[in-house]
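Structure first, commentary second.
Numbering (full-length UniProt numbering), first residue to last: 1 to 539.
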């Protein structure tokens, strides 16, 4: 069933030796989106009540009597709360250098003796042949130590129920309507929205995307993707990279040695745009899914087969070097990402469309939309986490101390700034969102400077009629409109406790109020909300 109680195990690039893969172990095992829901009981009373009701309803649907089921599920919830208590908050896990611990399986056995690690890992990563000398990277050694103690001090019947609950909740959404209705009630309390409003076709597309995403991507790309978009995007990235490097030259807080290494890292950033080529070749596409058994009449079995197929594909990577061209997102995904161990940025076809980008949009809108996204991903290479990795994607110290201190002072300004923002009287976590805030601010600046360079080469564009905006103003409006959104109070709360991004409203207000260019083009008087006088700037 591939559930992940207590901890999660996966195979991925070794942060300190990025040209080899390694087994990695990290904290896991909570059903609710964040530890905060379990520990902040008063604020989350409704959610905890709905969660317990959901557990009991699933237990009775599977044949349990209501009263003993409620008693046992309360025990499971209490156990999950103990797990939440030892789970390290995301805001405290941002220093990869600090949380990375490489050891052998034998050393892991000594650290967390409640689990027979060699036996477990050999089963989870079958058919790999593992010995207790096999290296493992542990993120959060203290957590594993404490989870081992917790397992040893907990009644076996509670552990058994917790393990079975993990399996049930993972697969419940693949069962019949009764299970789906129960889940909808919980999600309504958690997010404040009715899932029943989601049309059936959307659910089907979402499941197909999760399981056969690259096959679906092949259809999507053939139907919608303009092949010229790839070349246009490549050109924009090189313009934004050039603008970022010019800014690097102008930083007064960075010493020459670190600056040179930073420029080399920016130059070495590898980009992937649109989609991986293999999806257009049916033979290669079939090879990717070779081994995934699909039944025509059992949706549930197909999901189980997929979990096991994915696990085998992952285990298969261990004895191979990381594939630089492997995509972690499907082509139809409206998103983008930076991968520190590859020092690479990826822009799927899904984001290369309106409102981020359109061929017939003025350059001001495209630079303000997809251009800022490109600048954002590029800046992730130099945020509080990305900056710890060198140009080869290895986690190692390459900064001089003076520059590191200056960087920390500048990021402290942003942590404080965003920490003052509130949604429904609840504060944004400035530490948890720091990396994304650095990327938003750096990305906007790089994209705007790239747009100015484009204007110098190509001359002024025609202005859009009837808006009364200059093209410089249009750039900033293009950036802001991308983040228009509506969220329920429940969903906003979930975002504040789980999301590394600031709420959409503050991704706009926070970033623009730091931009001297925005202030100049919109004429914001000093001391006004969008020109507070202090501008936090890192890159």
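We treat Cβ as the ideally placed atom computed from N, Cα and C, and that holds for glycine.
In the DSSP assignment, find the unbroken alpha helix (DSSP H) run with residue 252 in it and report its ends. DSSP places residue 252 in no alpha helix (DSSP H); its state is neither H nor E.
Option nearest residue 255 by Cα separation, candidates 450, 117, 399 and 151: Residue 255 has its Cα closest to that of 399, out of 450, 117, 399 and 151.
Spell out a yes or no on whether the region 332-348 and the region 446-457 are touching, meaning 3 or more CB-CB pairs, one atom from each, closer than 8 Å. The answer is no - the region 446-457 does not touch the region 332-348, with fewer than three Cβ pairs under 8 Å.
Please state the DSSP three-state secondary structure of residue 459. DSSP, read as helix, strand or coil, puts residue 459 in coil.
To which residues of the same chain is residue 111 closer than 8 Å at the C-beta, ignoring the five residues directly before and after it? Cβ contact annotation for residue 111 (same chain, cutoff 8 Å, sequence separation greater than five): 103, 138, 141, 144, 145 and 148, in chain order.
Residue 408 versus 180, 537, 59 and 62, residue with shortest Cα-Cα distance: Out of 180, 537, 59 and 62, the CA that lies nearest to the CA of residue 408 is found in 537.
Inter-residue Cα distance where the pair is residue 377 and residue 345: Rounded to whole angstroms, residue 377 and residue 345 show a C-alpha spacing of 6 Å.
If the criterion is Cβ atoms closer than 8 Å, does the pair residue 419 and residue 430 meet it? Contact annotation: residue 419 and residue 430 have beta-carbon atoms nearer than 8 Å.
Look at the alpha carbon of residue 348 and the alpha carbon of residue 332, and state the distance between them as a whole number of angstroms. Cα to Cα, the separation comes out at about 7 Å.
Close beta carbons around residue 17, own chain, < 8 Å, minus the five adjacent residues each side: Contacts found: 394.
Assumed close pair residue 461, residue 33 - CB separation to whole angstroms, cut-off 8 Å: That belief does not hold up - the Cβ atoms of residue 461 and residue 33 are roughly 44 Å apart, past 8 Å.
Nonlocal neighbours in the same chain, by C-beta distance under 7 Å from residue 317, ignoring five residues either side: The residues 11 and 21, in chain order, have a CB closer than 7 Å to that of residue 317 in the same chain once the five nearest residues on each side in sequence are set aside.
If we ignore side chains and look at the alpha-carbon of each, how far apart do residue 343 and residue 65 end up? The straight-line gap from Cα to Cα measures roughly 54 Å.
For residue 274, which three-state DSSP category applies? DSSP places residue 274 in strand when its eight states are reduced to three.
Through-space distance from residue 388 to residue 508, alpha-carbon basis: The C-alpha of residue 388 is placed about 27 Å away from the C-alpha of residue 508.
Residues near residue 504 by beta carbon distance below 6 Å, same chain, minus five either side: The residues are 483 and 485.
Between which two residues does the alpha helix (DSSP H) carrying residue 401 extend? In the DSSP assignment, residue 401 falls within the unbroken alpha helix (DSSP H) covering 401-419.
Where does residue 102 fall in DSSP's three states? Three-state result, residue 102: strand.
DSSP state of residue 508 mapped onto helix, strand, coil: Three-state result, residue 508: helix.
What residue range does the beta strand (DSSP E) around residue 221 cover? Counting along the chain, residue 221 falls outside any beta strand (DSSP E), though it belongs to the alpha helix (DSSP H) covering 200-224.
Is it a yes or a no for the region 357-366 touching the region 521-530, going by three-plus beta-carbon pairs under 8 Å? Contact between the region 357-366 and the region 521-530 is absent, because fewer than three Cβ pairs lie under 8 Å.
Beta-carbon proximity check, residue 214 vs residue 285, cutoff 8 Å: Yes; because the gap between Cβ atoms is below 8 Å, this pair is in contact.
Using the C-alpha atoms, what's the distance from residue 271 back to residue 324? Between residue 324 and residue 271, the alpha-carbon positions lie close to 10 Å from each other.
Can you check which of these residues, 439, 466, 472 and 465, is closest to residue 453 by C-alpha distance? Measuring C-alpha to C-alpha distances from residue 453 to each of 439, 466, 472 and 465 identifies 472 as the nearest.
Is it buried or exposed for residue 211, if we count other Cβ within 10 angstroms and need 16 for buried? By the 10 Å Cβ count, residue 211 comes out buried.
Would you check if there are 3 or more beta carbon pairs closer than 8 Å linking the region 81-89 to the region 190-200? Under the Cβ criterion (8 Å, minimum of three pairs), the region 81-89 does not count as touching the region 190-200.
Using the Cα positions of residue 413 and residue 501, report the straight-line distance between them to the nearest angstrom. Roughly 17 Å separates the two Cα atoms.
Do residue 189 and residue 46 have their CB atoms nearer than 8 Å? In this structure, residue 189 sits near residue 46, with a CB-CB distance shorter than 8 Å.
Thinking residue 442 and residue 330 are a contact (beta carbons under 8 Å), I'd like their distance in whole angstroms, please. About 27 Å separates the CB atoms of residue 442 and residue 330; that is not less than 8 Å, and the two are not in contact.
When you compare only the Cα positions, how much space is there between residue 100 and residue 4? Residue 100 and residue 4: Cα-Cα distance of roughly 20 Å.
Check the C-beta distance from residue 186 over to residue 51 and give it rounded, since I have them as a contact under 8 Å. Your pair residue 186 and residue 51 checks out as a contact, with CB atoms roughly 6 Å apart and the cut at 8 Å.
Residue 427 - partner residues in DSSP beta bridges: Partner(s): 422.
With a floor of 4 residues, list each alpha helix (DSSP H) that falls wholly inside the region 323-377, ordered by position along the chain. Runs of alpha helix (DSSP H) with 4 or more residues, each lying fully within the region 323-377, are found at 363-366, listed in chain order.
Residue 9 - containing beta strand (DSSP E), residue span: For residue 9, the enclosing beta strand (DSSP E) has its first and last residue at 7-14.
Nearest to residue 544 by alpha carbon, out of 63, 59, 80 and 79? Missing from the structure shown is residue 544; the chain here goes from 1 to 539 and no further.
Report buried or exposed for residue 470, applying the criterion of at least 16 other Cβ atoms within 10 angstroms of its Cβ. The residue is exposed, with fewer than 16 neighbouring Cβ atoms inside 10 Å.
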